[in-house]
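Peer 1: Sharing a structure with you now.
Right, dumping it as structure tokens:
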């Protein structure tokens, strides 16, 4: 037997005191093993190397400078093979140089030397020169040769119209969705911005943003939907804090009239107005500022073709595409896109199978539309404490499950109080004057006694009446007060207002 | 989603005429299970093919009360006809037809009184039987080599089991509400515990050497650590009638119990409520339960003479699961783990459909227990403070310990 005990003690010694719920269940801190940050670099660079077009599809004419000619070789096949090899070697060398040059462990904005140099003076040509080959491919130009305010939610998986809201604010020109809590922001012709959820028939938030029609709205995804930028026909651009709608965080006027707005994934705001597109970055654009001066400019790019119809950031790249009357322009904005994407959220390099899986999983994980609310934290938060409690003087003596049956019924509001009306009679009559027909005590008893004709019960009830428990009385008072308040609130809501005061009120006992 | 996929019943093996009393699985294989019934019939089943490997219609004159495997080819059975018989099932046809004349046992060990239970030693050729005393036999001798009793006991022993890691230690349960521990090497009973109610079945934990599970008449299961026998380490409450049998999974993390209330419940070790419940209209009182050696299936032998095979995890897919599917399943399990505190999620994962009589019995039981508790509290409230202290549930189980 002793060897048996020894075996068991080796596995789990018998604790004299067992762990209870009061013990500390937090995991104890162990020494964190420092994973090499160098491996982080190697992965990034290796990925950067191979996330491009396959080499066979890359343009091979004109061959990069530095390739050797091999014109002395007469054999065509051999010559082409050797020139191809040497051009590939030159390209690979350039890529390696780029990889070494770019500081791939930090994601950052472009930096300029010297105090006199401003970041917004650096033009697109310099940026493309400085950026690596892969990134520089983003600088492209394309040339192309043209209600009455209902908000409808339609379920894309079933095709059903979930809900239709009448905004009553006229035709809506702009709409955007806050990705963090799935609330729809609408901008209207009278300068109001409204926030809608499928549950409420009226807007959750209504805000007068501009003195003219709202031209464009955008919500910042990098701070979890905290900031919203709006622009109006009056030329004002305002950045709002979605948690506190009192006043705009930042306001300024653009000289070009209505502006197109867009937030990038990393919190850069692009304002496209008139003849140019301006980019503002994070710390300055989101701090509150008193005046109406435009924030410090990060980058600008002139677009000679007016008007600018839209601006959009490409999701995981530092590319901004601008739509204007003459076509599309794509410019490079360093530090705008999210470089380290989370492939379980959105993977730009997913293949067909992964996309299929993602669609199916998305359908399975789809939540009901009535879970959308302005506060995204409400799903999973604790419910507020119930109003009806048995706390006397805010002190809980007995939990609900342990109350006697009568108390339990009383707390849940199902108690039959006909026996106790005599005690409460004096207090309860105080000035309500609602004029409900009250049954006399005998009538009530007669009605109650239907089916219960035992004289013993009547006798016991009479005995019980004489027992006065101060706690029960206090609880009863509290519940009666709560009920009175509820009734008064209901009466006010109905519009009855305060009951008229009678001259004899001064003689009524104040409860 | 696992509730949609929960289809635990796999099949039923018929063959017995009367109720199935005891079952044993062959150590080292996954397919052979022997079962003995009240009419004396002994059948060795191949549960994978769902066929009978060997069938002996009159193995014992009365009820077969215990079966155990001696080694991979031999089988010991004991019955109320005061005999222990050793069988060999090596040379049988594939279809289990067997020779025309009734099979003869390899040897018969006669005893003085009816036997209640039998268990074989892990490695040595010894086995122990339980009747009114615990006797240890050698396979080669026809008389018991030693008797183990507690000096002051006069009870009927209903089950005896060898410890799985230290094989010279035996445990037994008796009709006078006792649980006794013996050691073969010292040749006597070491310790004894008297409980409030009698236990029906006993099982040693395969992974933790000193932990033993008892299935009790008071609808509960208790795990005891034999190092401190004064109170159980865990109480498992869910059955609404006496628990007739229990068996640990080979992993030591789960166990199965079958009860008089016609349900089979699979418990997680450490979680004392809300087990997985299996029931069928055709399955009557469950007399014996068994976990298979791969911990994936559970066998139940019941009053109606059938041996039923169930999945241990009701929503498990039995086919081949590729790596993506397994990753998805693990993710879902983790989500359930993470959100199990949420009321809706825990309600869905706890709730099982239970037959109406069992449900009603459970409700009645809770009402009565609640009434007792409230009465006890009121009594305590109206006595002088400190005179009547509440007693822990665990401390109420064991009356006394004797050595």
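Residue numbers (our numbering), protein chains in the order written: chain L, 1 to 511; chain F, 512 to 914. C-beta atoms are modelled at their ideal positions from N, C-alpha and C, and glycine is treated no differently. Because the structure is a prediction, the values reported are computed rather than measured.
Comparing alpha-carbon positions, which option in F/715, F/899, F/638, F/749 lies nearest residue 801 of chain F?
Peer 2: The shortest Cα separation from residue 801 of chain F among F/715, F/899, F/638, F/749 belongs to F/715.
Peer 1: Can you find a C-beta in chain F that's less than 8 Å from the C-beta of residue 1 of chain L?
Peer 2: Answer yes: the Cβ-Cβ gap between residue 1 of chain L and chain F drops below 8 Å somewhere.
Peer 1: With a CB to CB cut of under 7 Å and the five nearest residues on each side skipped, what residues in its chain are close to residue 812 of chain F?
Peer 2: Around residue 812 of chain F: 531, 534, 546, 798, 799, 818.
Peer 1: CA-CA distance, residue 13 of chain L and residue 631 of chain F?
Peer 2: If you take the alpha carbons of residue 13 of chain L and residue 631 of chain F, they lie about 29 Å apart.
Peer 1: Among the candidates F/586, F/685, F/684, whose CA atom is the shortest distance from the CA of residue 637 of chain F?
Peer 2: Residue 637 of chain F has its Cα closest to that of F/586, out of F/586, F/685, F/684.
Peer 1: For residue 683 of chain F versus residue 708 of chain F, is the C-beta distance shorter than 8 Å?
Peer 2: No, they are not a contact pair.
Peer 1: List, in chain order, every chain L residue whose beta-carbon is nearer than 8 Å to that of residue 516 of chain F.
Peer 2: Within 8 Å Cβ-Cβ: nothing; residue 516 of chain F doesn't reach chain L, min ~14 Å.
Peer 1: Could you pull the start and end residues of the alpha helix (DSSP H) that residue 882 of chain F belongs to?
Peer 2: That run of the alpha helix (DSSP H) goes 867-892.
Peer 1: If distances are taken between C-alpha atoms only, which option among F/680, F/517, F/753, F/699 comes closest to residue 872 of chain F?
Peer 2: The shortest Cα separation from residue 872 of chain F among F/680, F/517, F/753, F/699 belongs to F/753.
Peer 1: I want to see whether chain F comes within less than 8 Å of residue 151 of chain L, judged by CB atoms only; does it?
Peer 2: For residue 151 of chain L, the answer is no, since every Cβ of chain F falls outside 8 Å of its Cβ.
Peer 1: Mind checking which residues open and close the alpha helix (DSSP H) that includes residue 70 of chain L?
Peer 2: Note, residue 70 of chain L: premise wrong, no alpha helix (DSSP H); not H, not E.
Peer 1: Could you work out which residues of chain F lie near residue 5 of chain L, taking near to mean beta carbons separated by less than 7 Å?
Peer 2: Per Cβ cutoff of 7 Å: 721, 738.
Peer 1: Just the Cα atoms here: how many angstroms apart are residue 783 of chain F and residue 403 of chain L?
Peer 2: Going from the Cα of residue 783 of chain F to the Cα of residue 403 of chain L covers about 27 Å.
Peer 1: Can you say whether residue 516 of chain F is buried or exposed, counting buried as having 16 or more other CB atoms within 10 angstroms of its CB?
Peer 2: Residue 516 of chain F comes out exposed.
Peer 1: Mapping the DSSP letters down to three states, classify residue 748 of chain F as helix, strand or coil.
Peer 2: Note: residue 748 of chain F maps to strand in three-state DSSP.
Peer 1: Taking the alpha-carbon positions, what's the residue 334 of chain L to residue 805 of chain F distance?
Peer 2: Taking the straight line from one Cα to the other gives about 58 Å.
Peer 1: On the criterion of 16 or more Cβ atoms from any shown chain inside 10 Å, does residue 410 of chain L qualify as buried, or is it exposed?
Peer 2: That one is buried.
Peer 1: If the criterion is Cβ atoms closer than 8 Å, does the pair residue 216 of chain L and residue 164 of chain L meet it?
Peer 2: Cβ atoms of residue 216 of chain L and residue 164 of chain L: not closer than 8 Å.
Peer 1: Hey, could you find the ends of the alpha helix (DSSP H) residue 456 of chain L is sitting in?
Peer 2: First-last of the alpha helix (DSSP H) with residue 456 of chain L: 455-465.
Peer 1: State yes or no: is the beta carbon of residue 694 of chain F nearer than 8 Å to at least one beta carbon in chain L?
Peer 2: It does; some Cβ of chain L falls within 8 Å.
Peer 1: Using DSSP bridges, identify the partner residues of residue 771 of chain F.
Peer 2: Per DSSP, none; premise fails for residue 771 of chain F.
Peer 1: Anything in chain L within Cβ reach of residue 797 of chain F, meaning under 7 Å, just list it in chain order.
Peer 2: Within chain L, no residue comes near residue 797 of chain F; the closest Cβ sits about 31 Å away, beyond 7 Å.
Peer 1: Using 8 Å as the threshold, is the region 622-629 of chain F in touch with the region 589-600 of chain F, meaning 3 or more CB pairs across them?
Peer 2: Yes, since at least three Cβ pairs between the region 622-629 of chain F and the region 589-600 of chain F fall closer than 8 Å, the two stretches touch.
Peer 1: What is the C-beta distance between residue 721 of chain F and residue 703 of chain F, in whole angstroms, given that I count them as a contact (C-beta under 8 Å)?
Peer 2: The Cβ separation is near 16 Å, so there is no contact.
Peer 1: Considering residue 479 of chain L, what are the terminal residues of the alpha helix (DSSP H) in which it resides?
Peer 2: Unbroken alpha helix (DSSP H) run through residue 479 of chain L: 470-494.
Peer 1: Could you compute how far the alpha carbon of residue 700 of chain F sits from the alpha carbon of residue 772 of chain F?
Peer 2: About 34 Å.
Peer 1: Which of helix, strand or coil does DSSP assign to residue 690 of chain F?
Peer 2: Residue 690 of chain F falls in the strand class under three-state DSSP.
Peer 1: First and last residue of the beta strand (DSSP E) that includes residue 580 of chain F?
Peer 2: From DSSP, the beta strand (DSSP E) with residue 580 of chain F extends over 575-580.
Peer 1: Using a Cβ cut-off of 8 Å, pull out every chain F residue sitting near residue 367 of chain L, in sequence order please.
Peer 2: Those do not exist, as residue 367 of chain L stays about 13 Å from chain F at its closest Cβ, beyond 8 Å.
Peer 1: Counting only Cβ-Cβ distances shorter than 8 Å, please list the residues of the region 652-682 of chain F near chain L, keeping chain order.
Peer 2: The region 652-682 of chain F vs chain L, Cβ under 8 Å: 674, 676, 677, 680.
Peer 1: Quick one: is residue 701 of chain F near chain L, going by C-beta distance under 8 Å?
Peer 2: Interface residue, yes.
Peer 1: Suppose contacts are defined by Cβ-Cβ distances below 8 Å. Is residue 298 of chain L in contact with residue 128 of chain L by that definition?
Peer 2: Taking 8 Å as the Cβ cut-off, residue 298 of chain L and residue 128 of chain L do not qualify as a contacting pair.
Peer 1: Leaving out five residues on either side along the sequence, give the residues of the same chain with a beta carbon under 7 Å from the beta carbon of residue 155 of chain L.
Peer 2: Contacts found: 162.
Peer 1: Using a C-beta to C-beta distance shorter than 9 Å, which residues of chain F count as neighbours of residue 382 of chain L?
Peer 2: Per Cβ cutoff of 9 Å: no residues; residue 382 of chain L is ~11 Å from chain F at best.
Peer 1: In angstroms, rounded to a whole number, what distance separates the CA positions of residue 226 of chain L and residue 125 of chain L?
Peer 2: So the two alpha carbons sit approximately 34 Å from each other.
Peer 1: For the alpha helix (DSSP H) containing residue 203 of chain L, list its first residue and its last residue.
Peer 2: Taken as a continuous stretch (DSSP letters only), residue 203 of chain L belongs to no alpha helix (DSSP H), as it is neither H nor E.
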